[in-house]
Amino acid sequence: MTRILEVRALSKGFDMHHLGASMQAFEAISLTLDASEFLLLKGRNGAGKSTLLRTLYRSYLAQSGEILFHSSHGVIDLARAADVDITLLRRTEIGFVTQFLQARPRVSAEALVAEPLRLAGWTAEAALDEARHWLDAFGVKRTLWPAYPATFSGGEQQKVNLARALILPQRLLLLDEPTASLDASARAALIDRLAALKAQGTAMIGVFHHPGDVAQLIDRTIDLTPDTTPDTPQQEDRTDVVV
Ligand SMILES: Nc1ncnc2c1ncn2[C@@H]1O[C@H](COP(=O)(O)OP(=O)(O)O)[C@@H](O)[C@H]1O
Ligand SMILES: [Mg+2]
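Just so you know, the sequence shown maps onto residues 1 to 243 in the UniProt record's numbering.
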């Protein structure tokens, strides 16, 4: 098995200056992830799921601990890597899908989706062809392809977001409730795409509002709710221990 990620004793807290206090979002989390593995993160609201994903993606700096990512160029600690390395890894090896599209003024839906391919060296024409294929797969109407997503509905924006985020296979894919605001057919297209990426070796850590949507993809589950014993005893042997 190809190791992709080793997280060791990772902690993250926030200083709440206005309160003169600090709060711990999560503490001493350790986990490993291999290629093609799908790890479901669960836990009640505020348990720290989004914070953990953002810390892995380095949107947040870890307070302590290590995030050893096995990149195509060797092992790198994402908790300590230089910003320039993080930027490069995000371009080619680590993806993050959230509920929200970051639309940009005067950039069309198809150009936004084609951009990761352009950055990876595809020709403009091939990238646009592939972008249109994925816009179609996620159910974005043809008339919207050359339009600006800022004016799209929430569901349409999310489909553009998914097409862009999933167009290039990554080694590691982080997913934060990507199905929120999706209709049934787009949800099905998303699950198909995730299954194909998993089969190609992408390792995934995801939070899903309705985990049943991805039931057939889940290999392991981590519960971030503090002080919980696993509530699904039959899966206990597949649940990582979170201290
Ligand atoms: N940037 C931030 N500054 C301060 N507190 C934050 C920040 N981001 C998240 N938190 C807090 O960390 C806790 C975990 O939040 P979050 O990771 O969003 O939970 P979840 O995604 O599991 O619902 C919450 O109490 C939240 O208010
Ligand atoms: Mg969240």
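C-beta: ideal position from N, C-alpha, C; glycine also.
When burial is assigned at 16 or more other CB atoms within 10 Å of the CB, is residue i buried or exposed?
i: L10; result: buried
i: N161; result: buried
i: D223; result: buried
i: T2; result: exposed
i: G74; result: exposed
i: A109; result: buried
i: F14; result: exposed
i: T87; result: exposed
i: K12; result: buried
i: L19; result: exposed
i: residue 320; result: This structure gives no information on residue 320, because the portion of the chain shown stretches from 1 to 243.
i: T55; result: buried
i: Q216; result: exposed
i: G212; result: exposed
i: A79; result: buried
i: residue 287; result: The chain is shown only over 1 to 243; residue 287 falls outside these bounds and no answer can be derived.
i: Q102; result: exposed
i: L61; result: exposed
i: A21; result: exposed
Can you name, in chain order, every residue of its own chain whose Cβ lies under 8 Å from the Cβ of residue i, other than the five neighbours on each side?
i: G139; result: K159, D183, S185, A186, A189
i: H210; result: T179
i: G155; result: S181, L182, D183, A186
i: R106; result: Y148
i: M23; result: G13, F14, M16
i: P146; result: S108, A109, E110
i: E130; result: A114, L117, W122, I167
Might you give, ordered along the chain, the residues of its own chain that have their beta carbon closer than 6 Å to the beta carbon of residue i, omitting 5 neighbours on each side?
i: M204; result: F38, L173
i: L119; result: R91
i: D176; result: S50, L53, T98, V207
i: V243; result: Any reading at V243 needs caution, since the residue's pLDDT is 40, under 50, leaving its predicted position unreliable; the model's value is listed next. Cβ neighbours of V243 beyond the five flanking positions: A28.
i: residue 252; result: One cannot answer for residue 252 here, as it falls past the ends of the chain, which runs 1 to 243.
i: I218; result: F38, L40
i: A124; result: none
Would you list the residues sitting across from residue i in a DSSP beta bridge?
i: I4; result: For I4, which the question treats as bridged, DSSP gives no partner whatsoever.
i: residue 244; result: Nothing about residue 244 can be reported from this structure: the residues present for the chain run from 1 to 243 only.
i: residue 274; result: Outside the shown range of the chain, which is 1 to 243, sits residue 274, and nothing can be said about it.
i: V75; result: H70
i: Q24; result: G13
i: F96; result: L174
i: I222; result: L41
Quick one: residues in its chain with C-beta nearer than 7 Å to the C-beta of residue i, no 5 flanking neighbours on either side, listed in chain order?
i: W134; result: V113, A163, I167
i: E93; result: S71, S72, Q170, R171, L172
i: D85; result: I76
i: F26; result: S11, K12, G48, T51, L52, L224
i: D237; result: Note that D237 has pLDDT 40, beneath the 50 cutoff, so the model's placement of it is unreliable and the number below is only indicative. None.
i: Y57; result: I94, F96, L174
Is residue i near ligand 4 - that is, is its Cβ less than 7 Å away from at least one heavy atom of it?
i: G46; result: With respect to small molecules bound, the structure shown includes ligand 1 and ligand 2 and not ligand 4.
Just to be sure I understand the criterion: a residue counts if its Cβ is closer than 7 Å to at least one heavy atom of ligand 2. Which residues meet that?
K49, S50, D176, E177, V207
Do three or more CB pairs link the stretch 34-48 to the stretch 91-98 at distances below 8 Å?
no
Assess contact between the stretch 141-154 and the stretch 51-66, defined as three or more Cβ pairs (one per stretch) separated by less than 8 Å. Is contact present?
no
Would you be able to state if there are at least three C-beta pairs under 8 Å between the stretch 29-36 and the stretch 191-202?
yes
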